[in-house]
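K.L.:
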Amino acid sequence: MPQKKNPDMAELIRGKVGRVYGDLFGLLTTMKGLPLAYNKDMQEDKEGLFDAVKTILPSIKIMTGMIATLQVKKEAMEHATHHDFSNATELADYLATKGIPFREAHEIVGELVLKGLRTGTNLVDIPLDEYKKISPKIEEDVYTCLQPKVAVERRNSYGGTGFDQVRQQIKDAKKILEGK
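Count the sequence shown with full-length UniProt numbering and you get residues 1 to 180, in order.
1. Whole angstroms are fine: how far does the CA of residue 63 sit from the CA of residue 85?
2. Please confirm whether residue 135 and residue 100 have their CB atoms less than 9 Å apart.
3. For residue 147, tell me which candidate among 78, 178, 109 has the shortest Cα-Cα distance.
4. CA-CA distance, residue 23 and residue 46?
5. In three-state terms, what does DSSP make of residue 83?
6. Compute the beta-carbon to beta-carbon distance between residue 128 and residue 91, rounded to the nearest angstrom, for a pair I have assumed lies under 8 Å.
7. Would DSSP call residue 114 helix, strand or coil?
In structure tokens form, the structure reads like this:
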């Protein structure tokens, strides 16, 4: 969605994962049908390996630098969550739970976002009577679903962004780093 801001380095490195997986898949395909001894096919195993190493090492260096210089601006982040349209998906999901087909809900939210961008308002600024024009099923609880903390907490499936899930992921990562 257009309201997102993404760090270029992280996106580019994420893209390189596909290349490294491709190198791995190429190597596995080359090796799949070989007997236990050396075969001429194995002359093809190095190119992918060298490419993967040539891709991974600079990526690690760049990510290390990016993380080391990362500055978290908590107040700016908090402000942004209340003054952007990052809750647009939540509204579309909410409308779908009220019986509006998701495709239609997505279109409605897109129009509301465009209107908000033109008028300098956010989804939480829309009066309830305006929402009721979209569907009489929309209630006061629409404003609850648009709250950033509620939106994050809703994503509580395994590996999700819910607070409990993130805490568990951090705990699991620390165990891995500690070798447990």
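Just so you know, even glycine gets a beta-carbon here, dropped at the ideal spot from N, CA and C.
The structure presented is a predicted model; accordingly, all values stated were derived computationally and were not measured.
P.N.:
So, from the data block:
1. Position 85 of the sequence shown, counted from the first residue, corresponds to residue 85. Position 63 of the sequence shown, counted from the first residue, corresponds to residue 63. Cα to Cα, residue 85 sits roughly 28 Å from residue 63.
2. On the sequence shown, position 135 is the one that residue 135 refers to. On the sequence shown, position 100 is the one that residue 100 refers to. It is a contact, given that the beta carbons lie within the stated cut-off.
3. Taking the first residue of the sequence shown as 1, we reach residue 147 at position 147. Checking every option, the nearest Cα to that of residue 147 belongs to 78.
4. If you number the sequence shown from 1, residue 23 lands on position 23. If you number the sequence shown from 1, residue 46 lands on position 46. Straight-line Cα distance between these residues: approximately 10 Å.
5. Position 83 of the sequence shown, counted from the first residue, corresponds to residue 83. Of the three classes helix, strand and coil, the one that applies to residue 83 here is coil, per DSSP.
6. On the sequence shown, position 128 is the one that residue 128 refers to. On the sequence shown, position 91 is the one that residue 91 refers to. That pair is no contact at about 13 Å.
7. For the purposes of this step, residue 114 is identified with residue 114 of the sequence shown, where counting begins at 1. Residue state, collapsed to three classes: helix.
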